[in-house]
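This report refers to the structure that appears directly beneath it.
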């Protein structure tokens, strides 16, 4: 009897052990990693039970905790990872984004060798290493008409090299000049804006040189700056004048047979008698004698019928000082902040900054120049300025010449309120980079119909709707295009706005 009892206990223990072993091998505990990375129209979970019956049961049990819906996001390139939330992509990054996947590097030249190498930004430079800066160019003015002269100043280029100046506008590009750098790699000279340039567009001026390394592989070193040609109805026989000279002012695109109501230069009324009137084609022409004003940039404003137009006159006069101001950005919207930098002013002198638009002018800031005759400050663009207008930021100060003799000196810089404006997070990109594109001045609540880079249509990562204030912000991945200059165009039902972008290799 005892023998049978022991045998029964052994069989019982073996049965329980096998059941436990069977439970531990249940497919509930075994998962495989799903290869899908991106959200699609059919949502795939990352962890999927091998047994489809168990998978269905698991989804049913968790239904109350999380209900999965089609996120409704657009397709993405294979090298972009995002999170789709309510139809928009968030927290995106590109596997090829040069800013996220590469450690920042900088170029250094070895004084003891004729070679250029790259080092990690965390490394410490030895005395034998000198940093090579990126070349830069500046335009003066960066807002001007077709056929006008623009001064381009370049720094940081190779010494004694030929620099090609190319003007990109619309689907065209035009080589305007070739300049030679000095022994320091700098240059400064004038070129003319093409005569067939389209008004109201942001164009690109590019300075480039071809370089050859030790491997005899030719590459291109370049820098670019934006130039804007405003819509304008006024033209002058000369935009640089001397007091006492005769100046011819012409107007076009006005209503037929309407009279010139106002003609103002600076704060002076210069409307002649008899009053000029537009002809049947909406054109007029009149002559004035340039008044005796101090040297500087002035705003010329004409009101013809119900239409206001303005342009710039640069008056040259004898002066003990030649102050200069620079405005950044020169294109912006009412309420925006702009930086004003001044130089060549009398030292420790009060400076008044005025914003002129139409027949109005507002004193926006008072400050003092420093011990070297320089200053830097920010001002706010008045809220009641209107779009598509040439406006002026002007400074006025009194220079003490001694013996209680003072001279009023002025300086001016151009500022323009465009119809619409787009800005990019960077103007030089690599394929695979993620670019943030913002816009202002668009028609509220309209959809963005398309965004193109060259001939390539862009798929964005967010919903493309203009908000109630006429603004938008979106992100997209730079497509795989050949290196070069491309026109980035944003199109809505009522507005098309473009800006140039450079794709690197």
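Numbering (this note's numbering), first residue to last: 5 to 509.
For each residue, glycine too, the CB sits at the ideal point set by N, CA and C.
No experiment lies behind these values; they were computed from the predicted model shown.
Straight-line gap, residue i to residue j (C-alpha atoms, nearest Å)
i, j, result
"residue 238", "residue 259", "14 angstroms"
"residue 506", "residue 439", "12 angstroms"
"residue 203", "residue 501", "12 angstroms"
"residue 72", "residue 367", "Summary for residue 72: the model assigns pLDDT 35, below 50, so the residue's position carries little reliability; its value from the coordinates is reported in the next sentence. Near 58 angstroms, if we compare the C-alpha coordinates of residue 367 and residue 72."
"residue 185", "residue 464", "42 angstroms"
"residue 489", "residue 457", "10 angstroms"
"residue 140", "residue 159", "6 angstroms"
"residue 287", "residue 475", "36 angstroms"
"residue 357", "residue 434", "41 angstroms"
"residue 324", "residue 495", "50 angstroms"
"residue 316", "residue 436", "43 angstroms"
"residue 348", "residue 365", "24 angstroms"
"residue 46", "residue 174", "With a pLDDT of only 38 at residue 46, under 50, the local geometry of the prediction cannot be trusted, and no value is derived from it."
"residue 235", "residue 162", "37 angstroms"
"residue 370", "residue 354", "7 angstroms"
"residue 360", "residue 461", "41 angstroms"
"residue 497", "residue 205", "18 angstroms"
"residue 427", "residue 443", "6 angstroms"
"residue 244", "residue 415", "14 angstroms"
"residue 181", "residue 168", "6 angstroms"
"residue 509", "residue 215", "15 angstroms"
"residue 445", "residue 208", "21 angstroms"
"residue 275", "residue 282", "14 angstroms"
"residue 392", "residue 191", "33 angstroms"
"residue 189", "residue 351", "31 angstroms"
"residue 499", "residue 321", "43 angstroms"
"residue 309", "residue 262", "5 angstroms"
"residue 165", "residue 210", "15 angstroms"
Identity of the residues DSSP links to residue i by a beta bridge
i, result
"residue 492", "457, 503"
"residue 398", "358, 416"
"residue 427", "442"
"residue 330", "345"
"residue 371", "355"
"residue 411", "403"
"residue 319", "245, 300"
"residue 364", "361"
"residue 481", "438"
Environment of residue i [buried if 16+ CB atoms lie within 10 Å]
i, result
"residue 264", "buried"
"residue 406", "exposed"
"residue 272", "exposed"
"residue 300", "buried"
"residue 295", "exposed"
"residue 487", "exposed"
"residue 121", "Reliability of the predicted coordinates at residue 121 is poor, the pLDDT of 36 falling under 50, and the value obtained from them is presented with this limitation in mind. Residue 121 comes out exposed."
"residue 280", "buried"
"residue 224", "exposed"
"residue 522", "This structure cannot speak to residue 522, because the chain is shown only from 5 to 509."
"residue 453", "exposed"
"residue 231", "buried"
"residue 226", "buried"
"residue 334", "buried"
"residue 375", "exposed"
"residue 423", "exposed"
"residue 302", "buried"
"residue 336", "buried"
"residue 153", "exposed"
"residue 372", "exposed"
"residue 404", "exposed"
"residue 28", "Its pLDDT being 46, under 50, residue 28 is placed unreliably by the model, and nothing is read from it."
"residue 343", "exposed"
"residue 409", "exposed"
"residue 145", "buried"
"residue 228", "buried"
CB-CB length for residue i against residue j, believed under 8 angstroms
i, j, result
"residue 251", "residue 292", "5 angstroms"
"residue 255", "residue 313", "7 angstroms"
"residue 149", "residue 197", "7 angstroms"
"residue 468", "residue 451", "6 angstroms"
"residue 492", "residue 503", "5 angstroms"
"residue 341", "residue 384", "6 angstroms"
"residue 329", "residue 397", "7 angstroms"
"residue 389", "residue 402", "No, residue 389 and residue 402 are not in contact; Cβ-Cβ is about 28 angstroms, not under 8 angstroms."
"residue 473", "residue 448", "7 angstroms"
"residue 201", "residue 156", "Not a contact, Cβ separation roughly 16 angstroms."
"residue 380", "residue 345", "5 angstroms"
"residue 266", "residue 387", "No, residue 266 and residue 387 are not in contact; Cβ-Cβ is about 23 angstroms, not under 8 angstroms."
8 angstroms Cβ cutoff, residue i in contact with chain B
i, result
"residue 312", "Annotation note: the requested chain B is absent from the structure, which comprises a single protein chain."
(Q) List, from N- to C-terminal side, the beta strand (DSSP E) runs of 3 residues or more that fit wholly inside the region 254–317. (A) Entirely contained in the region 254–317, the beta strand (DSSP E) runs reaching 3 residues are, in chain order, 264–269, 288–293, 300–308.
Those runs of the beta strand (DSSP E) which lie wholly inside the region 141–177 and span at least 3 residues
The region 141–177 contains these whole beta strand (DSSP E) runs: 153–159, 166–173.
Which runs of the beta strand (DSSP E) spanning at least 3 residues fall entirely within the region 177–258, listed in chain order?
-> The region 177–258 contains these whole beta strand (DSSP E) runs: 191–196, 205–216, 222–233, 238–240, 250–255.
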